[in-house]
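*Asks:* Note that my numbering has the sequence shown beginning at 1010, numbered continuously upward. In this text, a Cβ means the ideal position worked out from N, Cα and C, and glycines have one as well. For clarity, every value in this text was computed on a predicted model and none was experimentally measured. This is the structure I have questions about; it appears just below.
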Amino acid sequence: MSNPATDVKAMTNRQGSAGEVFVAFLKLGLTSFGGPIAHLGYFRDELVVRRRWIDEKGYADLVALCQFLPGPASSQVGFALGLLRGGPLGAAAAWAAFTLPSALLLVLFALGATAFGGPIGSGVIHGLKVVAVAIVAQAVWGMARNLCPDRERASIALAAVLIVIIFAGSLGQITAIFAGGLAGLWLCRAKGEAITGHVRFPVSHKAGAVALVLFFALLVGSPLLVAATSSQALAVFDSFFRAGSLVFGGGHVVLPLLEAEVVRPGWVTADQFLAGYGAAQAVPGPLFTFAAYLGTALGPEPNGPLGATIALIAVFVPGFLLLIGFIPFWDAFRAQPTAQALMRGANAAVVGILGAALYQPVWTSAIIGPHEFALALTCFVLLMAWKSPPWVVVIVAAIGGVLIGFG
């Protein structure tokens, strides 16, 4: 009789093909609604419980690593599982299969947005802007409960709001995250957590170091190349790469970062931005595919499918480089109290940044009267009290926007 523990170990050690990885993640990319936390549940059911690509302990530790790093946590977990199962080609297959369904839908939405004329079309767009208020409010509420449970971290979040109000744009957000990390070193050292589990992936220390060097080279070098060449394609890559490099705490945090990069320079209007963000709630897969919509809708060229490709790759690459870079060093690094305190402070600052974005641009652009306020409140109650799927709430908001238009 076989030993179940031995069978599981054998399954988790057996290598598969990139094709196998692609098929598994395509199924997930077509059906994974509900945001990053829900995605992690889908991954566990499909890849840990059913396919046994990794055991429970290893999966929990991988999730902890990806939630610690900047970037889209669910996509990073998927990328790492593809790497584990099929090597570098498996990692690429996992990302492509999980990302492309929603990215293609959002590109089509952006290309067809100009056809949304008349009262029905404009009402749908208006409803998508309103639902963004409820979605972001839900994200702020949930993140505040998890990441700011005490007065020290609540104070760090408040300070982050003040910083982004004083220093507008990406400068204020970078300053807030940096200041939050420093405040965490001072205020959050006494809240250490037990460390369990180990990450074991086929990435050498040398490969990890190369990935980290490449990440910082792109982060620092891209703006220098933009200044030297005045290339709009490089400017788009730089803006989305910088946004992807600073997303701590979940996919919704990309909203204020991307708004600073594309709306303030005038590449995308505030109405286009919020309509696309609302539409992104109705499709499966990672919220970061919102970048594909923005790349398509950009005013200056490159836009359309080429702009979508540049934006999509640029926003995901930093999270994957950091993941590869940290995997070999993770066990030693996360055990340091300094690292834990730094991240607690930075995560609290992220809550403040998203809270500021809830007001400007989300609330001020969408809530222009009592009808919009009532619709946003309805969507919020559906999400929070009734636990309705986001795509259902998006449909309700779109219908409500049409009714407001005819009212």
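(1) Between Ala1188 and Ile1174, how many whole angstroms is the CB-CB distance? I'm expecting something under 8 Å.
(2) Helix or strand or just coil, what does DSSP make of Asn1312?
(3) Spatial neighbours of Leu1085 within its chain, please: C-beta separation below 6 Å, excluding the five flanking residues on both sides.
(4) How would you label His1135, buried or exposed, when you count the other beta carbons within 10 angstroms and need 16 or more for buried?
(5) Measuring only the C-alpha atoms, how far is Thr1278 from Gly1099?
(6) With a threshold of 7 Å (Cβ to nearest heavy atom), would Ile1063 be considered close to the ligand FMN?
(7) Answer with buried or exposed for Asp1054, where buried requires no fewer than 16 other C-beta atoms within 10 angstroms of its C-beta.
(8) Let me confirm a value: Glu1310 is counted as buried when at least 16 other C-beta atoms fall within 10 Å, else exposed. Which label applies?
(9) Under a Cβ-count criterion, where at least 16 other Cβ atoms within 10 Å of its own Cβ denotes burial, should Gly1050 be classed as buried or exposed?
(10) Apart from the five residues just before and just after Val1262, which ones in its own chain have a Cβ nearer than 6 Å to its Cβ?
(11) Using alpha carbons as the reference points, say which of His1048, Ala1027, Ser1026 lies closest to Pro1293.
(12) I need the straight-line Cα distance from Met1020 to Thr1108, nearest angstrom please.
(13) By how many angstroms is the C-alpha of Leu1321 removed from the C-alpha of Val1212?
(14) Between the alpha carbons of Val1149 and Ala1103, how many angstroms are there, rounded?
(15) Find the nearest neighbour of Trp1372 within the set Ser1041, Gly1025, Pro1265, Leu1117, judged by alpha-carbon distance.
*Replies:* Quick look at the numbers:
(1) Not a contact, Cβ separation roughly 14 Å.
(2) coil
(3) Contrary to the premise, residue 1085 reads as Gln rather than Leu in this sequence. Excluding residues within five positions, the ones whose Cβ falls inside 6 Å are Cys1075, Gly1328, Leu1332.
(4) buried
(5) Distance between the alpha carbons of Thr1278 and Gly1099: 37 Å.
(6) This structure does not include the ligand FMN; it has no bound ligands of any sort.
(7) exposed
(8) exposed
(9) For Gly1050, the number of other beta carbons within 10 angstroms of its own is below 16, and it is reported as exposed.
(10) The beta carbon of Val1262 is closer than 6 Å to those of Val1256, Val1359, Leu1363 in its chain, skipping five residues each way along the sequence.
(11) His1048
(12) The predicted model places Met1020 with a pLDDT of 41, which falls under 50 and marks its position as unreliable; any figure quoted below should be read in that light. Between Met1020 and Thr1108, the C-alpha separation is close to 26 Å.
(13) 25 Å
(14) If I take the Cα positions, the gap works out to 29 Å.
(15) Pro1265
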